[in-house]
Amino acid sequence: MTSSDARVLVVWLPDWPVIAARRSLELTSDQPLALIHKGVVFACSSDARTSGVQRGLAVREAQLRCPQLLVVAYDPQVDARAFEPVVASLEDLVPGVRILRPGLCAIRARGPARFYGGEERAASTILEALARADIPARLGIADSVFGAERAALKTNDVTPLSIVDVGTTRQFLSAQPISTLDDTALVPVLRRLGLHRLGDFAALDRTAVGARFGEAGLRAHARASATDRLSGAEHTPEVDFGVDVIFEPALDRVDQIAFGVRTASESMVDRLAENGLVCTALRITVTSESGERRERSWSHPHHFSAADVVDRVRWQLQGSGGGNAGLTSPIERVEMSPARVDASANHESGLWGTSLDERVHHALARLHSILGHGAVATPSLGGGRFLNERQVLVAWGDETPTSKRALPWPGSIPPPAPATVFAHPRPADVRGPSGEPVEVDARGMTTATPAWLALDRSPALKVSSWAGPWPVTQRWWDADAHRSAQRFQMIDSEGMAWLMILEDHEWAAEARYD
Amino acid sequence: MSSVAAFESPASVRQALQARISSMQSTRLDEDAFPVLPMMRAVLGRGLRRGTVYSITGSTSLALALVAAASQSGEWCGVLDVPDLGLEAAAGWGIDLDRLVWVADPGDRWMSTVGSMADVLGLLIVRAPARVTSAEASRLLARLRQTRSTMLVLGEWPQSESQIRVVSSSWTGLGAGHGHLADRHLELEVRQGQNAGAPRRSRLRVPAAISP
Numbered sequence: 482m483t484s485s486d487a488r489v490l491v492v493w494l495p496d497w498p499v500i501a502a503r504r505s506l507e508l509t510s511d512q513p514l515a516l517i518h519k520g521v522v523f524a525c526s527s528d529a530r531t532s533g534v535q536r537g538l539a540v541r542e543a544q545l546r547c548p549q550l551l552v553v554a555y556d557p558q559v560d561a562r563a564f565e566p567v568v569a570s571l572e573d574l575v576p577g578v579r580i581l582r583p584g585l586c587a588i589r590a591r592g593p594a595r596f597y598g599g600e601e602r603a604a605s606t607i608l609e610a611l612a613r614a615d616i617p618a619r620l621g622i623a624d625s626v627f628g629a630e631r632a633a634l635k636t637n638d639v640t641p642l643s644i645v646d647v648g649t650t651r652q653f654l655s656a657q658p659i660s661t662l663d664d665t666a667l668v669p670v671l672r673r674l675g676l677h678r679l680g681d682f683a684a685l686d687r688t689a690v691g692a693r694f695g696e697a698g699l700r701a702h703a704r705a706s707a708t709d710r711l712s713g714a715e716h717t718p719e720v721d722f723g724v725d726v727i728f729e730p731a732l733d734r735v736d737q738i739a740f741g742v743r744t745a746s747e748s749m750v751d752r753l754a755e756n757g758l759v760c761t762a763l764r765i766t767v768t769s770e771s772g773e774r775r776e777r778s779w780s781h782p783h784h785f786s787a788a789d790v791v792d793r794v795r796w797q798l799q800g801s802g803g804g805n806a807g808l809t810s811p812i813e814r815v816e817m818s819p820a821r822v823d824a825s826a827n828h829e830s831g832l833w834g835t836s837l838d839e840r841v842h843h844a845l846a847r848l849h850s851i852l853g854h855g856a857v858a859t860p861s862l863g864g865g866r867f868l869n870e871r872q873v874l875v876a877w878g879d880e881t882p883t884s885k886r887a888l889p890w891p892g893s894i895p896p897p898a899p900a901t902v903f904a905h906p907r908p909a910d911v912r913g914p915s916g917e918p919v920e921v922d923a924r925g926m927t928t929a930t931p932a933w934l935a936l937d938r939s940p941a942l943k944v945s946s947w948a949g950p951w952p953v954t955q956r957w958w959d960a961d962a963h964r965s966a967q968r969f970q971m972i973d974s975e976g977m978a979w980l981m982i983l984e985d986h987e988w989a990a991e992a993r994y995d
Numbered sequence: 005m006s007s008v009a010a011f012e013s014p015a016s017v018r019q020a021l022q023a024r025i026s027s028m029q030s031t032r033l034d035e036d037a038f039p040v041l042p043m044m045r046a047v048l049g050r051g052l053r054r055g056t057v058y059s060i061t062g063s064t065s066l067a068l069a070l071v072a073a074a075s076q077s078g079e080w081c082g083v084l085d086v087p088d089l090g091l092e093a094a095a096g097w098g099i100d101l102d103r104l105v106w107v108a109d110p111g112d113r114w115m116s117t118v119g120s121m122a123d124v125l126g127l128l129i130v131r132a133p134a135r136v137t138s139a140e141a142s143r144l145l146a147r148l149r150q151t152r153s154t155m156l157v158l159g160e161w162p163q164s165e166s167q168i169r170v171v172s173s174s175w176t177g178l179g180a181g182h183g184h185l186a187d188r189h190l191e192l193e194v195r196q197g198q199n200a201g202a203p204r205r206s207r208l209r210v211p212a213a214i215s216p
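If you read the protein sequences in the order shown, they are chains A and Y. Following our numbering, the numbering of the first sequence begins with 482 at its first residue and continues without gaps. Following our numbering, the numbering of the second sequence begins with 5 at its first residue and continues without gaps.
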């Protein structure tokens, strides 16, 4: 391999996390911004830096140095997501982009240099294109990836391009401090060994470094001696499996629309299958003639077939109305895109099939179409102090929300659990022996012995035994969500046991032990 | 080829015919019932019959207790129009909530919903709509017989073959201002089958912490 084969071009976007955060949060660039990760500053904008904010500073210290600083939590997902369009615009100019990390990517320089007539020209083309997209970029070209990265980091706003000539990269790197290797385990050891420059480290015998420092040492040695090469997978453009269906003229009947999207959904599922994928979550966007957009994501217990996709479109159009509830305005566009895909190998049915569960699933999907989405649910146990909060119903096929059941819930009642829990507590009236109202005073004592119990304005029954009050308080710090109640267990003269609740001087039956 | 071979051997012919006869006859009792929890054998010794309707009056817990063992053995269960059913009690009896299908509000399509649920779910706990004609009830019963599913109705049902009624219920553990509900004693009246004669009385103790 001649040395011109190995030439690497590195594109560096300075302060990328800050730019990405500003883009995703739609912030203007005139306010200093700092991204916080684990309580310290992870990245900051240039105007924050001039006020003295730097990486690794505690949040309070940073706010003290720059009082108008806007503090945002760092989200690596945002970084990576915002980088994708940048890479796409780079790929328009040069092929084979490899992402080193969000904000930094490498390209083999030989091809672009030949195509655009020289490395300098290729670099300026890339810089111009990125500048047009309003992305400040810096470029470095050298014989190795690490060399090109260092070269890019040495540039400034005035000269955003730095080219290390062929064969001089090792020399260029040798004067740089050892800390540029960015390996927290290795760098202190090398320092203690008296190696303060990359050149000192590179001068060591490669075999000896391998014997002493292993894989990580060899990698660092290759970087220091400018022999590291581009590796790893090239960035492949995301394939968009989504399909759009446009109705001209707009349609206002659910079954017509469902028929209209059938071919498109079949082609979507087929294309996924050709790529060895199945769709497990789907996003459907419906645009009506009046410009109203309704978007919803659907998940599937197994994976979507074409008929399932059509079903989801139908359910989304029907809303929770069920049956053939009319549409408010004609639909002119339906977009369907897979929100989550999985390798189809993970979804093959076994040799003997999964017949019963499959059958149940089909029948319930049909029931869903009749009754409307959300009518068929799977129950699960949730957390909460009040019994009806502990019952969680999730529409069939949707994902179960993470349960807060494992948390301690003070004020829970001892077993047995009541077999009937009223979704809406039933109003009741509890009276003392001579008909006086029963309340609970500030000391948590009842003002009278509960003796009569009447539910829903029916005739009062005698209370044969009771216990309480058991206080339940929730969110005392929140004026809106605050609830404070007293619980009682009571048995009426017919032998029925009730869980009664006294809240705001109002009695209600929360549950029945029947 | 196999049919020729079958003709040649009378023994295999007899065997094949026997198999056809037994498949057309109603199956034996133990195959024809859902299992119940050991403590419920005092109430229904032979388990819950398949393809029939039980009407249960006076207790929701009883319905949950009857369904529990079948649910544990992998049967899918459904709850129709019982929005107030206590899930914690259901889970406490050992019902597998992952295989429980919940339809809270079927609207005016109660009959068609219960039909399509019975097609795939083995056991249903339902609250009957205000008015059921006997024609509808017998159509539903025919469908249940065909799919071999069992329906437990909370309340009265026009043509239930079996009825379980709570005669009396008493609790231990709760005093006058102290204690909490613990064990429950139920006295039940059970009538199983259409021509079962006089109802049978049985007693049941439901412990506070159920260990299925």
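Beta carbons: idealized from backbone N, C-alpha and C, even for Gly.
Pop quiz: residue i and residue j are said to be a contact at Cβ under 8 Å. What is the actual Cβ separation, rounded to whole angstroms?
i, j, result
"Asp-187/Y", "Val-171/Y", "Going by Cβ atoms, the distance from Asp-187/Y to Val-171/Y rounds to 18 Å, so no, they are not a contact pair."
"Trp-493/A", "Arg-619/A", "5 Å"
"Ala-697/A", "Asp-664/A", "7 Å"
"Arg-488/A", "Ala-554/A", "Contact flag wrong, Cβ pair sits at about 39 Å."
"Arg-968/A", "Pro-899/A", "Not confirmed; about 12 Å, so no contact."
"Thr-154/Y", "Leu-52/Y", "5 Å"
Alpha carbon to alpha carbon, how far is residue i from residue j?
i, j, result
"Ser-138/Y", "Arg-871/A", "38 Å"
"Ala-948/A", "Ser-174/Y", "16 Å"
"His-843/A", "Pro-162/Y", "31 Å"
"Gly-723/A", "Pro-498/A", "29 Å"
"Ala-69/Y", "Gln-150/Y", "25 Å"
"Leu-934/A", "Val-194/Y", "31 Å"
"Arg-113/Y", "Leu-848/A", "11 Å"
"Leu-581/A", "Val-491/A", "9 Å"
"Gly-925/A", "Trp-979/A", "20 Å"
"Arg-687/A", "Gly-695/A", "11 Å"
"Thr-31/Y", "Arg-152/Y", "Legend: pLDDT at Thr-31/Y = 48, less than 50; position of this residue unreliable, value from coordinates given subsequently. About 11 Å."
"Ser-801/A", "Asp-109/Y", "Low confidence applies to Ser-801/A: its pLDDT is 49, below 50, so where it sits in the model is not reliable, and the reading given next is rough at best. One C-alpha to the other measures close to 12 Å."
"Val-40/Y", "Leu-798/A", "43 Å"
"Gly-804/A", "Ser-850/A", "Its pLDDT being 46, under 50, Gly-804/A is placed unreliably by the model, and the measurement read from it follows with that caveat. Gly-804/A and Ser-850/A: Cα-Cα distance of roughly 7 Å."
"Gly-996/A", "Thr-859/A", "Past the boundaries of the shown model lies residue 996/A; chain A is included only from 482 to 995, so the question cannot be answered."
"Val-83/Y", "Thr-61/Y", "17 Å"
"Ser-6/Y", "Val-17/Y", "Summary for Ser-6/Y: the model assigns pLDDT 45, below 50, so the residue's position carries little reliability; its value from the coordinates is reported in the next sentence. Each residue's Cα considered, the two are about 11 Å apart."
"Ile-765/A", "Arg-504/A", "25 Å"
"Ser-63/Y", "Ser-75/Y", "19 Å"
"Thr-768/A", "Arg-795/A", "14 Å"
Among the options, which has the Cα closest to the Cα of residue i?
i, options, result
"Val-919/A", "Val-944/A, Val-668/A, Leu-585/A", "Val-944/A"
"Phe-867/A", "Ser-974/A, Ser-769/A, Met-981/A", "Met-981/A"
"Gly-520/A", "Val-578/A, Leu-538/A, Ser-505/A", "Leu-538/A"
"Asp-85/Y", "Arg-924/A, Ser-915/A, Ala-856/A, Pro-899/A", "Ala-856/A"
"Asp-560/A", "Ala-554/A, Leu-508/A, Ala-502/A, Pro-617/A", "Ala-502/A"
"Asp-36/Y", "Arg-54/Y, Ala-46/Y, Gly-49/Y", "Arg-54/Y"
"Pro-495/A", "Asp-486/A, Ile-517/A, Arg-530/A, Val-489/A", "Arg-530/A"
"Phe-653/A", "Val-645/A, Gln-967/A, Ala-900/A", "Val-645/A"
"Ile-430/A", "Glu-600/A, Arg-546/A, Asn-869/A, Ile-607/A", "Given a span of 482 to 995 for chain A in the structure shown, any question on residue 430/A remains unanswerable."
"Glu-507/A", "Gly-741/A, Arg-595/A, Arg-536/A, Ala-563/A", "Ala-563/A"
"Leu-711/A", "Val-873/A, Arg-673/A, Asp-624/A", "Asp-624/A"
"Arg-207/Y", "Ile-168/Y, Leu-52/Y, Gly-179/Y", "Ile-168/Y"
"Arg-814/A", "Phe-728/A, Glu-773/A, Gly-853/A", "Phe-728/A"
"Ser-974/A", "Ala-941/A, Arg-956/A, Gln-955/A", "Ala-941/A"
Note to self: With three or more C-beta pairs closer than 8 Å as the rule, is the segment 625-638 of chain A touching the segment 506-513 of chain A?
What the structure shows: Taking a cut-off of 8 Å on C-beta distances, the segment 506-513 of chain A does not touch the segment 625-638 of chain A, as fewer than three cross pairs fall below it.
Item checked: Contact between the segment 782-799 of chain A and the segment 839-849 of chain A (3+ Cβ pairs under 8 Å) -> Because the criterion of three Cβ pairs below 8 Å is met, the segment 782-799 of chain A and the segment 839-849 of chain A touch.
Note to self: Is it the case that the segment 610-617 of chain A contacts the segment 514-534 of chain A, given that we only count it when at least three CB pairs across the two stretches are under 8 Å?
What the structure shows: Fewer than three pairs of CB atoms, one per stretch, sit closer than 8 Å, so the segment 514-534 of chain A makes no contact with the segment 610-617 of chain A.
Notebook entry, point to check: Fully enclosed by the segment 47-75 of chain Y, which beta strand (DSSP E) runs are 3 residues long or longer?
Noted result: Here the runs fully enclosed are 57-61.
Check: Contact between the segment 702-712 of chain A and the segment 672-689 of chain A: three or more CB pairs below 8 Å?
Finding: Touching, per the Cβ criterion.
Check: At which residue ranges does the segment 812-871 of chain A contain complete beta strand (DSSP E) runs of 3 or more residues, listed in the order of the chain?
Finding: If only complete runs of 3 or more residues are kept, the segment 812-871 of chain A shows the beta strand (DSSP E) at 812-824, 857-862, in order along the chain.
Item checked: the segment 60-80 of chain Y / the segment 90-98 of chain Y touching (three or more Cβ pairs under 8 Å) -> With the cut-off at 8 Å, the segment 60-80 of chain Y and the segment 90-98 of chain Y touch.
Margin query: Give the list of continuous beta strand (DSSP E) stretches no shorter than 3 residues that lie fully inside the segment 122-160 of chain Y.
Written below: Correct list: 127-131, 154-158.
Checklist line | Length at least 4, wholly inside the segment 914-948 of chain A: the alpha helix (DSSP H) runs in chain order | finding: Correct list: empty.
Checklist line | Every unbroken alpha helix (DSSP H) within the segment 605-680 of chain A, with a cutoff of 4 residues, ordered by chain | finding: 626-634, 650-655, 667-673, all fully within the segment 605-680 of chain A.
Note to self: Does the contact criterion of 3 or more C-beta pairs under 8 Å hold for the segment 571-586 of chain A versus the segment 542-550 of chain A?
What the structure shows: Taking 8 Å as the limit for Cβ pairs, the verdict is that the segment 542-550 of chain A does not touch the segment 571-586 of chain A.
Note to self: Under 8 Å, with one C-beta from each stretch per pair, do the segment 882-890 of chain A and the segment 898-910 of chain A reach the 3-pair mark?
What the structure shows: The segment 882-890 of chain A makes no contact with the segment 898-910 of chain A; the number of CB pairs closer than 8 Å stays below 3.
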